[in-house]
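A.B. asks: Residue numbering for the sequence shown follows my numbering, starting at 124 and increasing by one per position.
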Amino acid sequence: MRPSLLWLLALAVACSSPAQQPATPAKSELPQPPPTRTSDQVDDYHGHKVADPYRWLEQDSAETQAWVQAQNLATRALLDRVPQRPVLARHLAQIWDFPKETAPTLRGGRAFWRHNDGLQNQAVLCWAPQDERTCKVLYDPNRAAGDGTLFLQTISPSDDGKLLGYALASGGSDWNEIHVREVDSGADRPDVLQWVKFSSIAWHPDGSGFWYSRYDAPKAGETLTGVNKFQKVCFHKLGTPQSADAVVHENAAQAEWGFGVEVSDDGHWWLLTTSRGAESKNGLDVREITTKGLGPNRQLASGFGGAFEVAGVASNQLFLRSDWGAPRGRLLALDLHKAANLDSDKPVGPLPAGWRQVQGEADSTLSFAVLAGKGIVLGKLVDASHQLEFVDYQGKPLPAPTFPRLGSVVGLSGHAGDANLFFAYVDFLAPARVYHANLDKGELQVRFDAKRGLPAEKYSTQLRYATSKDGTRVPIFVTARSDLPRDGSAPAYLYGYGGFSVEMTPFYKPDLQAWIEAGGVLAVAVLRGGAEFGEAWHQAGQLGKKQNVFDDFIASAELLTREKWTTSAHLAIAGGSNGGLLVGACLAQRPELFGAALPAVGVMDMLRYHLFTIGWGWVPEYGSSADAKAFEWLYKYSPLHNLHKGTAYPATLVTTGDHDDRVVPAHSFKFTAALQAAQGGPAPIRVRIETRAGHGAGKPTTKQIDEATDRLTFLVQQFGLQLPEAWK
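What follows is the structure, given as structure tokens:
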């Protein structure tokens, strides 16, 4: 798994239909939120005086809560008066109502997977003997929390499949609480572990306990806003209190280092990944697991000059996906008894003793590698779509099933020596289908198919290319009805992310299906800052080169209008988290290019983001205002600081959650207040603040549908759209 503190839920909007002219009511006709109080707060950044008049919105005070309530009331007054909203809500509930499953994990001859009947707020955890399909419910979060806000974040069965370690997150927070359940009886053991965040659950081979990562308990009143540093790895022995857990690894001199643990399938090796914030580079250590405990620690890869992602261990050979000396990735192997340390901070050179290259860098990007059966399954990225290959331990092709093409592979699960491989495959037209491959027999079968989505004979996805400001070629997935007229009459929804090495590959969402089937265009831009074309592509969109990402997105919007997929008046842009930053920056730089903007849980204050919760972990990606050089580029594009009073900005619906402790909601609060004060045009600026919701992961189905309904309602009103008669 790529070490990262940032996981993004792709946020999208739903349906629409063609229209010729926007029908935005005059600003004076719309219910207006009350003006936001300003203060005289001014900060000095390296001699630059920067006003921060909405600083008070960072505090969870009675005044801030009153502001939130007033803003939500104004947003509801705007959206609830749209007559199409009940139709949209009903149709989205219908289109969302289909069964969903994940690819299973095998342990001890037992399969573990998640299943949602359709409209359950949370998926339930199922288990069954390996060759059976009937779901035995092992954990149902819906029974534990009536409002559906308890999320089963992480599951980890013990090697014999008799115990389950599982982590729960409540109300959208990143904080996890780990529990242990007996699989056969369904009873919980008394073990409860708190203050866990960004952690795996790595079982000891004998099932006596597990390793996990935690932070110290936050100070009173700072659970959702306090800074989290000095992560440490602990071992929890079953049946003992958390206070007795031994600290196995920490670094008291490095507050920003994070640690992840996994245990090899053969149970012989303990592997430690060291990351620095959300940086995609990492170090790697190993310890042998013996009957007397863990052996001495050995560094395999020190420094932060490359990514070293564990694919698995076979016969004491550790296989890694790495971009060290190979920006598009290569497959390496090392002898765990003999391998010397590789200092990745030094200039790239020959591999150390005990290391070898299994497969070198190619034109495609090596996205992931997993040991399975008698070889290694490789995930290659070709034009931002996954292709699977199967090779032996020397890198030579092995006979394999014909895998699906031109989509995304998610949830791939395999183990060395076990011929069973499971994965889910998804594209823009259909929800995830789960496959079971027998690698020994070369067979591929569909394990689960919801048989929903858009018919391929009527809808299609094509890859278009925009030219960015500096001449870079930017791919764009464009999905629409095959017979859609290219006359600019269709509304379009442009989504992007562009950061943290996150791959923007095909995905499916029910609300986007509604958008497309009603005549809308879905465009997903593959921006610099991601990992689709290797580490060089990522680095071209980070730190002082972040403007490239915005230029790529703007060029994508211009292509959609130039090729007459839509017009600027009917073009909505959207993105979440780092993608919310993208939307905020682009609407500030080119407000005339867009008809609507939907920034979700965005990083909007680039001068103070690092002062809250895990924000410090993004400094390797963005830079920090504490550094004079980084301040210059951050200040130039920070959405909060680049709004100009009197400018006509597009209609904007900001969305966030009051329990977001990844990107704290103050980002959205301050940006909304500043944008409302600056707006010089008639388009509304609103914010939607969800209660008991966080950054996105684990959001209940009811809240997802309700939010999607509001986003779509907002676009229906701003674009003057008519809904299909069949929906009414």
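Glycine included, each C-beta is placed from N, C-alpha and C at the ideal position.
Smallest Cα separation from Thr690: which of Leu716, Leu730, Asp675?
C.D. replies: Measuring from the Cα of Thr690, the nearest candidate turns out to be Leu716.
A.B. asks: Only counting the same chain, and skipping five residues up and downstream in sequence, which positions put a Cβ closer than 6 angstroms to that of Val706?
C.D. replies: Cβ neighbours of Val706 beyond the five flanking positions: Ile696, Gly698, Ala720, Pro722.
A.B. asks: Below 8 angstroms on the Cβ atoms is my guess for Gly667 versus Trp660; work out the distance and round it to an integer in Å.
C.D. replies: Actually they are not in contact, since the Cβ atoms of Gly667 and Trp660 sit about 16 angstroms apart, beyond 8 angstroms.
A.B. asks: Can the beta-carbon of Gly669 be found closer than 9 angstroms to that of Trp756?
C.D. replies: In the sequence as presented, Gly is not what sits at residue 669; that position holds Lys. In this structure, Trp756 lies closer than 9 angstroms to Lys669 by Cβ.
A.B. asks: Locate the alpha helix (DSSP H) running through Asp675, then write down its first and last residues.
C.D. replies: Segment 670 to 685, the alpha helix (DSSP H) holding Asp675.
A.B. asks: Starting from Gly383 and walking both ways along the beta strand (DSSP E), at which residues does that stretch end?
C.D. replies: Note, Gly383: beta strand (DSSP E), 380 to 386.
A.B. asks: Determine the direct distance from the alpha carbon of Thr198 to that of Ala831, and round the result to whole angstroms.
C.D. replies: Their Cα atoms are separated by approximately 14 angstroms.
A.B. asks: Give the list of continuous beta strand (DSSP E) stretches no shorter than 3 residues that lie fully inside the segment 268 to 293.
C.D. replies: The segment 268 to 293 contains these whole beta strand (DSSP E) runs: 273 to 280, 286 to 293.
A.B. asks: DSSP has Leu395 in a bridge; who is on the other side?
C.D. replies: BP columns for Leu395 point to Val384, Asp408.
A.B. asks: Please tell me whether Gln482 has its Cβ less than 9 angstroms away from any Cβ of chain D.
C.D. replies: Any reference to chain D falls outside this structure, which holds one protein chain only.
A.B. asks: What is the DSSP secondary structure of Val315, reduced to helix, strand or coil?
C.D. replies: Val315: strand per DSSP, three-state reduction.
A.B. asks: Report the CB separation of Ala806 from Pro773 in whole angstroms; it is logged as a contact under 8 angstroms.
C.D. replies: Indeed, because the Cβ distance is near 6 angstroms, the residues count as touching under 8 angstroms.
A.B. asks: Do you know how far the Cα of Ala801 is from the Cα of Trp190?
C.D. replies: One C-alpha to the other measures close to 18 angstroms.
A.B. asks: For Ala325, which of Leu567, Arg312, Ile278, Asp311 has the nearest alpha-carbon?
C.D. replies: Ala325 has its Cα closest to that of Ile278, out of Leu567, Arg312, Ile278, Asp311.
A.B. asks: Given a cut-off of 9 angstroms on the beta-carbon distance, is the pair Ala542 and Gly496 in contact?
C.D. replies: A contact, by the Cβ cut-off of 9 angstroms.
A.B. asks: DSSP three-state label for Gln510, please.
C.D. replies: Strand.
A.B. asks: Taking the beta strand (DSSP E) that Glu885 falls in, what are its first and last residues?
C.D. replies: Residue 885 lies beyond the stretch modelled for the chain, which goes from 124 to 851, so this question has no answer here.
A.B. asks: Between which two residues does the alpha helix (DSSP H) holding Thr825 run?
C.D. replies: Its alpha helix (DSSP H) spans residues 824 to 842.
A.B. asks: From the DSSP output, in three-state form, read off Pro176 for me.
C.D. replies: Three-state DSSP puts Pro176 in coil, outside helix and strand.
A.B. asks: If we ignore side chains and look at the alpha-carbon of each, how far apart do Ser331 and Thr225 end up?
C.D. replies: Straight-line Cα distance between these residues: approximately 28 angstroms.
A.B. asks: Where do the ends of the beta strand (DSSP E) carrying Val532 lie?
C.D. replies: First-last of the beta strand (DSSP E) with Val532: 531 to 538.
A.B. asks: Between the C-alpha atoms of Gly284 and Cys249, what's the straight-line distance to the nearest angstrom?
C.D. replies: Their Cα atoms are separated by approximately 13 angstroms.
A.B. asks: Run through the DSSP bridge pairs and tell me what Gln585 is partnered with.
C.D. replies: Its beta-bridge partners are Val601.
A.B. asks: Can you look up Lys150 in the DSSP assignment and give me helix, strand or coil?
C.D. replies: For Lys150, the pLDDT reaches just 47, beneath the cut-off of 50, and the residue's location in the model is therefore unreliable, although a value from the coordinates is still provided. In this structure, Lys150 counts as helix in the three-state DSSP scheme.
A.B. asks: Say the cut is 8 angstroms; is the CB of Ala789 nearer than that to a heavy atom of the ligand ZN?
C.D. replies: Absence of the ligand ZN from the depicted structure is noted, as is the absence of any ligand whatsoever, leaving it without description.
A.B. asks: With a cut-off of 8 angstroms, do at least 3 Cβ pairs link the segment 501 to 513 to the segment 613 to 630?
C.D. replies: As far as the Cβ criterion goes, the segment 501 to 513 touches the segment 613 to 630, which means the pair count is three or higher.
A.B. asks: The beta strand (DSSP E) with Asn239 in it runs from where to where?
C.D. replies: Taken as a continuous stretch (DSSP letters only), the beta strand (DSSP E) holding Asn239 covers 233 to 239.
A.B. asks: Can you tell me whether Gln845 is helix, strand or coil according to DSSP?
C.D. replies: Looking at Gln845 - three-state DSSP - the assignment turns out to be coil, as it is neither helix nor strand.
A.B. asks: If distances are taken between C-alpha atoms only, which option among Arg421, Leu261, Ala485 comes closest to Asp446?
C.D. replies: Out of Arg421, Leu261, Ala485, Ala485 has the C-alpha closest to the C-alpha of Asp446.
A.B. asks: Work out the CA separation of Ala573 and Ala340 for me, nearest whole Å.
C.D. replies: Computed Cα separation, rounded: 42 angstroms.
A.B. asks: Only counting runs of 3 or more residues, tell me where the beta strand (DSSP E) segments fall wholly within the segment 684 to 768, in order along the chain.
C.D. replies: Listed in chain order, they are 694 to 699, 719 to 723.
A.B. asks: Among Tyr177, Thr602, Gln480, Pro527, which has the Cα closest to the Cα of Pro158?
C.D. replies: The residue with the shortest Cα to Cα distance from Pro158 is Tyr177.
A.B. asks: Figure out for me which residue from Gln482, Gln799, Ala437 has the closest Cα to the Cα of Leu494.
C.D. replies: For the residues Gln482, Gln799, Ala437, the minimum Cα distance to Leu494 belongs to Ala437.
A.B. asks: Of all the options Arg451, Trp298, Leu562, which has the alpha carbon lying nearest to the alpha carbon of Gly657?
C.D. replies: Among Arg451, Trp298, Leu562, the Cα nearest to that of Gly657 belongs to Arg451.
A.B. asks: Please name the residue in Gly498, Ala463, Arg834, Arg453 whose C-alpha comes closest to that of Thr488.
C.D. replies: Ranking the options by Cα distance to Thr488, first place goes to Arg453.
A.B. asks: Please list, in chain order, all residues of the same chain as Ser281 whose beta carbon is under 6 angstroms from its beta carbon, the five residues on each side excluded.
C.D. replies: Excluding positions up to five away in sequence, the list reads Trp326, Gly330.
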